[in-house]
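The block underneath contains the structure these notes are about, expressed in structure tokens.
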DNA sequence: CTAGAAAGTCAACGACTGTTGACATATGGA
DNA sequence: TCCATATGTCAACAGTCGTTGACTTTCTAG
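Protein chains in written order, with our numbering: chain A, 72 to 269; chain B, 72 to 269.
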């Protein structure tokens with residue numbers, strides 16, 4: 072007899088997962104508008120009608136495909152002068168690590184021309200990034216600081232992975248993380264050095 | 072009599088200009104895909120067929136709407152320690168100055184999901200930005216430097232004007248330009264400080 | 001084995017899109 | 001005045017899209 076509590080992986084679960092995986096890939100590489108329900112179905116090797124049956128609509132599918140966790144490291148356990156580099160390294164691990172098929176590249180590709188995706192990016196920033204930074208830099212400068220950090224990290228991802236600007240693509244990962252790490256470090260915990268006047 | 076050399080502003084020229092202006096506005100605020108030929112025609116108060124007659128196709132209209140000149144200042148005539156701030160100020164003058172209706176916001180909005188727009192951004196970078204930077208920093212580091220500068224400037228525009236991340240929107244323009252100016256300055260002309268190892 | 005639910009297939013609808021061609025009107029030189 | 005050309009209008013085509021409902025196949029509980 073088939074129990075009902077210990078949910079077995081029914082066949083429908085596999086199909087569901089296949090659709091979601093196909094959708095993530097296509098949304099990531101083509102964006103929301105250029106990805107058709109028929110494309111997703113073809114990649115998942117099922118009928119377009121199934122996509123709608125399983126997820127209700129293209130929008131709901133997108134909303135599910137987008138969900139994910141940044142899994143930011145606990146910055147309070149990182150040496151203070153390594154915070155910038157740690158953050159930069161973690162962030163580009165999300166883009167260039169083993170499991171690349173998550174919501175971040177997907178959101179980035181669609182956010183510029185899709186208000187739902189833009190709102191999701193703002194939400195993710197507000198719930199995951201801002202608090203992590205606010206815990207380190209004090210409430211007064213926290214917002215501005217978080218905005219600056221986000222602009223640098225998102226900007227490099229935009230150049231390197233979205234529009235593929237040659238020098239940003241060619242830059243070795245280590246050098247990029249080092250440069251961005253210093254910038255972020257300076258935004259978050261500026262030294263007494265005071266870049267300009269002594 | 073109507074002369075033919077000193078081109079008078081015929082009526083068709085006005086219509087053409089009206090179409091182009093309407094197209095720029097809509098492409099900028101909605102991106103390429105969400106802007107329909109019918110939208111443009113409605114905004115220009117003419118028939119959709121005229122848009123095609125005047126510009127051949129939606130793609131050709133987009134290609135024309137996108138053309139523009141960054142008008143970068145001559146960095147060699149700027150005090151070396153003011154290069155970063157000058158560049159940042161000029162760049163955000165393009166976004167927030169009086170004449171905002173040009174190709175840059177337009178490209179940014181569409182580049183993530185439109186290969187033509189992405190290619191145009193790469194071309195603009197290669198022809199206008201990279202040379203200006205290469206003239207200052209020497210060919211060895213020029214490419215990497217230009218990539219870093221672009222990532223920071225484009226990233227902030229993305230946060231502030233495209234997805235409208237609250238802290239990036241709220242940041243006063245002066246403070247933003249100061250912070251970004253320092254970062255860019257450091258990318259282009261790092262002080263003797265030598266960030267890490269000597 | 002068998003009835004019924006789950007899973008999958010198929011064709012079509014209605015809306016929207018870029019684009020076209022046939023037609024009407026206006027303009028300006030002869 | 002008249003005609004050629006420039007300019008503008010209108011309806012429709014062909015294609016694509018998300019979505020739906022009717023149908024068939026597969027699986028499994030009783």
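A virtual CB, placed ideally from N, CA and C, is assigned to each residue, including glycine. Please read these numbers as outputs of a predicted model, since none were measured by experiment.
Alpha-carbon to alpha-carbon, residue j and residue i
i	j	result
residue 153 (chain A)	residue 160 (chain A)	11 Å
residue 230 (chain B)	residue 92 (chain A)	28 Å
residue 177 (chain A)	residue 258 (chain A)	27 Å
residue 252 (chain A)	residue 151 (chain A)	12 Å
residue 200 (chain B)	residue 121 (chain A)	48 Å
residue 232 (chain A)	residue 188 (chain B)	15 Å
residue 256 (chain A)	residue 226 (chain B)	17 Å
residue 113 (chain B)	residue 247 (chain B)	38 Å
residue 194 (chain B)	residue 236 (chain B)	28 Å
residue 117 (chain A)	residue 131 (chain A)	18 Å
residue 155 (chain B)	residue 254 (chain B)	7 Å
residue 140 (chain B)	residue 198 (chain B)	10 Å
residue 212 (chain B)	residue 202 (chain B)	12 Å
residue 210 (chain B)	residue 164 (chain A)	30 Å
residue 196 (chain A)	residue 224 (chain B)	19 Å
residue 175 (chain B)	residue 166 (chain B)	8 Å
residue 262 (chain B)	residue 206 (chain B)	18 Å
residue 104 (chain A)	residue 214 (chain B)	33 Å
residue 100 (chain A)	residue 234 (chain B)	19 Å
Exposure of residue i, with buried meaning 16 or more beta-carbon neighbours within 10 Å
i	result
residue 208 (chain B)	buried
residue 180 (chain B)	buried
residue 90 (chain B)	buried
residue 238 (chain B)	buried
residue 95 (chain A)	buried
residue 250 (chain A)	buried
residue 172 (chain A)	exposed
residue 240 (chain A)	exposed
residue 102 (chain A)	buried
residue 83 (chain B)	exposed
residue 168 (chain B)	exposed
residue 127 (chain B)	exposed
residue 222 (chain B)	buried
residue 228 (chain A)	buried
residue 182 (chain B)	buried
residue 184 (chain A)	buried
Option in the options with minimal Cα separation from residue i
i	options	result
residue 108 (chain B)	B:211, B:149, B:119, B:130	B:119
residue 85 (chain B)	B:260, B:99, B:146, B:115	B:115
residue 190 (chain A)	A:202, A:138, A:168	A:138
residue 245 (chain B)	B:142, B:129, B:162	B:162
residue 124 (chain A)	A:87, A:185, A:197, A:261	A:87
residue 219 (chain A)	B:242, B:214, B:104	B:242
residue 134 (chain A)	A:206, A:186, A:261	A:186
Sequence-distant residues of the same chain with beta carbon closer than 8 Å to residue i, five excluded per side
i	result
residue 216 (chain A)	204, 208, 258, 259
residue 157 (chain A)	144, 146, 149, 252
residue 170 (chain A)	none
Close Cβ partners of residue i (< 6 Å) along its chain, the five nearest in sequence each way excluded
i	result
residue 98 (chain B)	106, 136, 177
residue 18 (chain A)	The displayed coordinates of chain A run from 72 to 269. Any statement about residue 18 (chain A) would go beyond what the structure contains.
Check: residue i C-beta below 6 Å from any heavy atom of the ligand SAM
i	result
residue 166 (chain B)	The ligand SAM is not part of the structure shown, which contains no ligands of any sort.
Neighbourhood of residue i by C-beta, 7 Å cutoff - its chain only, sequence neighbours within 5 removed
i	result
residue 192 (chain A)	178, 182
residue 129 (chain B)	108
residue 110 (chain B)	97
Those runs of the alpha helix (DSSP H) which lie wholly inside the stretch 184-232 of chain A and span at least 4 residues = 186-195, 201-208, 210-228
Which runs of the alpha helix (DSSP H) spanning at least 4 residues fall entirely within the stretch 78-110 of chain A, listed in chain order?
-> 82-105
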